[in-house]
Amino acid sequence: MYERPRAAERALLVRLGLGAAVEPEDLEEFAQLARSAGALPVACITGRRARPDPRYFVGSGKAAEIAETARAQQADIILVDHALSASQERNLEQLSGLRVLDRSGLILDIFAQRARSFEGKLEVELAQLKHLASRLVRGWTHLERQKGGIGLRGPGETQLETDRRLLADRVRSLTRRLERLKQQRETGRNARAEIPVPAVALVGYTNAGKSTLFRALTGSAVYIADQLFATLDPTVRRLHLSGGAVVVLADTVGFICELPHELIAAFQSTLQEARGAQLLLHVVDASDPRRDQHIEQVDKVLQEIGAGDIPQLRVYNKIDRLGEPARLERDSSGCVTQIWISAAQGLGLELLKEAMAERLDLKAQRLWLHLPPGAGAQRARLYAGGVVREERSLDDGALELLVDLPALSLAAWVREPGVRVLAAPPSPLCTPCAPQPAYLESTPVPHAATARR
4 MYERPRAAER
14 ALLVRLGLGA
24 AVEPEDLEEF
34 AQLARSAGAL
44 PVACITGRRA
54 RPDPRYFVGS
64 GKAAEIAETA
74 RAQQADIILV
84 DHALSASQER
94 NLEQLSGLRV
104 LDRSGLILDI
114 FAQRARSFEG
124 KLEVELAQLK
134 HLASRLVRGW
144 THLERQKGGI
154 GLRGPGETQL
164 ETDRRLLADR
174 VRSLTRRLER
184 LKQQRETGRN
194 ARAEIPVPAV
204 ALVGYTNAGK
214 STLFRALTGS
224 AVYIADQLFA
234 TLDPTVRRLH
244 LSGGAVVVLA
254 DTVGFICELP
264 HELIAAFQST
274 LQEARGAQLL
284 LHVVDASDPR
294 RDQHIEQVDK
304 VLQEIGAGDI
314 PQLRVYNKID
324 RLGEPARLER
334 DSSGCVTQIW
344 ISAAQGLGLE
354 LLKEAMAERL
364 DLKAQRLWLH
374 LPPGAGAQRA
384 RLYAGGVVRE
394 ERSLDDGALE
404 LLVDLPALSL
414 AAWVREPGVR
424 VLAAPPSPLC
434 TPCAPQPAYL
444 ESTPVPHAAT
454 ARR
């Protein structure tokens with residue numbers, strides 16, 4: 004086994020162009036991944052091949068160059084920006100005498116450092132064990148011996164088989180525990196759904212400024228750093244929009260190019276927040292020259308996790324680096340589709356809140372609701388949503404509440420048993436982005452005070 008040194012590990016980076024030359028931006032992103040894991044890149048080797056070599060992935064000549072450069076640069080580890088098979092990883096280690104880590108293993112190492120919640124740590128451990136399952140043979144030549152001794156001779160179990168069995172047991176245990184945590188999270192999400200508060204999720208390429216925007220909007224002290232995958236665990240906070248409307252805002256993990264499919268399972272808890280949202284804020288680094296490719300990659304991952312059909316509002320962040328003003332952009336039908344802001348400088352945040360309220364049709368209306376006697380649970384839900392402005396008690400135990408409700412929330416409340424609209428609201432503020440709901444299914448009853456006159 005190889006022991007990890009206490010100081011920053013000196014890393015030799017390897018990137019191979021398959022059918023094309025290596026893009027400098029891809030190489031820089033891989034260097035950022037290495038630094039995010041705590042490594043110190045000391046050299047970089049690139050190459051070009053039509054197809055991967057079955058033995059070393061990079062070819063025998065390039066593998067010898069990697070081993071020689073690693074010794075010359077006194078590297079502690081070799082990081083390969085591709086998914087290696089177990090045999091390719093083992094062959095490179097035997098040739099160089101150093102640890103070799105592929106792209107999947109590097110991202111998993113970053114995940115292990117970033118996970119803070121109990122659920123996140125379990126998810127990362129499960130992904131690491133599945134990744135390790137095919138690599139148990141690495142450096143464990145003594146595991147080929149069979150257990151023996153008095154009473155143990157005959158058909159036995161190799162140590163390698165024992166380790167694989169124990170690993171499989173641990174995987175099953177983690178899967179069961181994560182399933183229970185998933186049910187608990189779903190229970191909490193269903194409890195939030197009982198209160199008419201829409202959910203909005205921040206998605207985007209890693210290091211696009213999602214956590215900075217989350218802190219600027221909610222004031223939550225989330226971790227912010229100029230590094231890839233700075234945020235792994237989901238964070239959910241309540242956000243008040245223009246006009247008194249309220250939403251639940253969730254910060255999620257950033258996506259990245261060539262994200263292995265098996266790693267998506269390593270942050271299911273944060274992706275569930277994206278799948279359950281009514282609106283996605285797709286945060287884009289406006290100053291990144293490859294922002295269009297990053298947008299395509301994020302949309303691809305959203306399709307893979309089942310969130311591709313959720314409405315999006317594209318948020319171009321970091322306009323302060325471009326000298327651009329904060330602004331809204333609409334499509335031909337007048338619907339807000341893009342907004343340009345700077346989360347770090349606080350530019351355009353009010354415009355963003357207005358755009359979110361418009362896309363969700365959350366322009367609140369002030370009106371009176373009549374709750375029947377014994378409707379304490381309904382009253383509590385309205386107070387929990389922060390929409391009650393005044394309350395009156397009637398002699399028969401019924402309640403009259405002055406509330407600020409968006410049209411979509413009002414449509415749900417009038418379907419509640421015994422709930423009536425006492426004062427007809429003003430004409431709903433129609434937006435071109437959302438259809439106007441027919442929430443008044445019956446003739447509104449005049450307010451009690453008006454009727455007594």
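If you read the sequence shown in the working numbering, its first letter stands for residue 4, the second for the next number, and so on. The beta carbon of each residue, even a glycine, is placed where N, CA and C say it ideally should be.
H85, DSSP secondary structure in three states: For this step, residue 85 is matched to residue 82 along the sequence shown. Here H85 sits in coil by DSSP.
In the structure shown, what three-state DSSP assignment does D172 receive? Working through the sequence shown from its first residue, we reach residue 172 at position 169. If DSSP states are grouped into helix, strand and coil, D172 belongs with the helices.
How far does the beta strand (DSSP E) with Y59 in it reach, from first residue to last? Position 56 of the sequence shown, counting from 1, holds the residue named residue 59. Element bounds for Y59: n/a, residue is neither H nor E.
My output table needs one value for L220: the three-state DSSP class, helix, strand or coil. For the purposes of this step, residue 220 is identified with residue 217 of the sequence shown, where counting begins at 1. Three-state DSSP puts L220 in a helix.
Does the stretch 389-397 come close enough to the stretch 308-327 to have 3 or more Cβ pairs within less than 8 Å? no
M359 versus L244 - alpha carbon distance: For the purposes of this step, residue 359 is identified with residue 356 of the sequence shown, where counting begins at 1. For the purposes of this step, residue 244 is identified with residue 241 of the sequence shown, where counting begins at 1. Distance between the alpha carbons of M359 and L244: 8 Å.
Around the C-beta of F33, are 16 or more other C-beta atoms found within 10 angstroms, so that it is buried, or is it exposed? Taking the sequence shown and counting its residues from 1, one reaches residue 33 at position 30. That one is buried.
Supposed contact pair A202 and A281 - C-beta distance, whole angstroms, cut 8 Å: The residue you call residue 281 lines up with position 278 of the sequence shown. The residue you call residue 202 lines up with position 199 of the sequence shown. Inspection of the sequence shows that residue 281 is occupied by Gln rather than by Ala. About 6 Å separates the two Cβ atoms, so the contact holds.
Could you give the distance in angstroms between the alpha-carbon of V45 and the alpha-carbon of D29? By 1-based counting over the sequence shown, the position of residue 45 is 42. By 1-based counting over the sequence shown, the position of residue 29 is 26. If I take the Cα positions, the gap works out to 17 Å.
Alpha helix (DSSP H) runs wholly inside the stretch 312-385, at least 4 long, in chain order: Listed in chain order, the complete alpha helix (DSSP H) runs (minimum 4 residues) inside the stretch 312-385 are 352-362.
Just mark F121 as buried or exposed, buried being the case when its beta carbon has 16 or more other beta carbons within 10 Å. On the sequence shown, position 118 is the one that residue 121 refers to. Answer is exposed; the Cβ neighbour count stays below 16.
Is P409 helix, strand or coil by DSSP? The residue you call residue 409 lines up with position 406 of the sequence shown. P409 falls in the coil class under three-state DSSP.
So, are the CB atoms of L170 and L111 less than 7 Å apart? Numbered from 1 along the sequence shown, position 167 holds the residue referred to as residue 170. Numbered from 1 along the sequence shown, position 108 holds the residue referred to as residue 111. Here L170 is not near L111, since their CB atoms are 7 Å or more apart.
Residues in the same chain with beta-carbon distance under 7 Å from V200, minus the five sequence neighbours each way, listed in chain order, please. Indexing the sequence shown from 1 puts residue 200 at position 197. Result list for V200: V249, V250, V251 and G388, in chain order.
DSSP state of I308 mapped onto helix, strand, coil: By one-based count along the sequence shown, residue 308 stands at place 305. Per DSSP, reduced to three states, the secondary structure at I308 is coil, with no helix or strand assignment.
Tell whether a beta-carbon distance below 7 Å holds between L109 and L177. Translated into the one-based positions of the sequence shown, residue 109 becomes position 106. Translated into the one-based positions of the sequence shown, residue 177 becomes position 174. In this structure, L177 does not lie closer than 7 Å to L109 by Cβ.
Please name the residue in L404, D323 and A414 whose C-alpha comes closest to that of D364. In the sequence shown, residue 364 corresponds to position 361, counting from 1. The option with the nearest alpha carbon to D364 is A414.
Contacts around A219, its chain only, beta-carbon distance under 7 Å, and the 5 residues preceding and following it disregarded: Here residue 219 corresponds to residue number 216 of the sequence shown, with the count starting at 1. Cβ neighbours of A219 beyond the five flanking positions: A346, G349 and L352.
Is DSSP giving I48 helix, strand or coil here? What you label residue 48 is simply residue 45 of the sequence shown in a count that begins at 1. Strand at I48.
Collapsed DSSP secondary structure at A11 in the structure displayed: As a working note, residue 11 is residue 8 in the sequence shown. A11 falls in the coil class under three-state DSSP.
Sheet register partners of D288 (DSSP bridge): Residue mapping note: residue 288 aligns to position 285 of the sequence shown, counting from 1. Paired residues: N320.
Determine the extent of the alpha helix (DSSP H) in which S107 is found, giving its start and end residues. Counting from one through the sequence shown, the residue named residue 107 turns up at place 104. Unbroken alpha helix (DSSP H) run through S107: R106 to R117.
For V390, which of helix, strand or coil comes out of DSSP? Translated into the one-based positions of the sequence shown, residue 390 becomes position 387. Of the three classes helix, strand and coil, the one that applies to V390 here is coil, per DSSP.
Where do the N-terminal and C-terminal ends of the beta strand (DSSP E) with R240 fall, by residue? Translated into positions along the sequence shown, residue 240 becomes position 237. Where R240 is concerned, the enclosing beta strand (DSSP E) stretches over T238 to H243.
Assuming A24 and L82 make a contact with CB atoms under 8 Å, what is their CB distance in whole Å? In the sequence shown, counting from the first residue as 1, residue 24 sits at position 21. In the sequence shown, counting from the first residue as 1, residue 82 sits at position 79. Incorrect: roughly 20 Å between the Cβ atoms, too far for contact.
Taking the continuous alpha helix (DSSP H) assigned at V127, which residues delimit it? Here residue 127 refers to the residue found at position 124 of the sequence shown. F121 to L135 is the extent of the alpha helix (DSSP H) around V127.
Within 10 Å of its beta-carbon, does P409 have 16 or more other beta-carbons around it, so buried, or fewer, so exposed? Within the sequence shown, the letter at position 406 stands for residue 409. By the 10 Å Cβ count, P409 comes out buried.
Coarse secondary structure for I69, derived from DSSP in three states: Translated into positions along the sequence shown, residue 69 becomes position 66. Helix at I69.
Three-state secondary structure (DSSP) of P429: In the sequence shown, counting from the first residue as 1, residue 429 sits at position 426. Residue placement at P429 cannot be trusted, given a pLDDT of 48 that sits under 50; what the coordinates show is reported in the next sentence. Coil at P429, not helix or strand.
Taking R241 as the reference, which of K356, A14 and R180 has the closest Cα? The residue given as residue 241 occupies position 238 in the sequence shown. Taking only the C-alpha atoms, the option nearest R241 is K356.
Quick check on DSSP: helix, strand or coil for I259? Position 256 of the sequence shown, counting from 1, holds the residue named residue 259. I259: coil per DSSP, three-state reduction.
Within 10 Å of its beta-carbon, does T165 have 16 or more other beta-carbons around it, so buried, or fewer, so exposed? Working through the sequence shown from its first residue, we reach residue 165 at position 162. With fewer than 16 Cβ atoms within 10 Å of its Cβ, T165 is classed as exposed.
Please classify R138: does DSSP put it in a helix, a strand, or coil? On the sequence shown, residue 138 is found 135 positions in, with the first residue counted as 1. R138 falls in the helix class under three-state DSSP.
Give every residue of the same chain whose Cβ lies closer than 6 Å to the Cβ of A42, excluding the five residues on either side of it in the sequence, and list them in chain order. On the sequence shown, position 39 is the one that residue 42 refers to. The answer, listed in chain order, is E12 and A14.
Closest to R369 by C-alpha separation, out of V406, D334, R333 and R384, would be which residue? Stepping through the sequence shown from its first residue, residue 369 is reached at position 366. Out of V406, D334, R333 and R384, V406 has the C-alpha closest to the C-alpha of R369.
Residue interval of the beta strand (DSSP E) (run including A204): On the sequence shown, position 201 is the one that residue 204 refers to. Start and end: A202 to G207.
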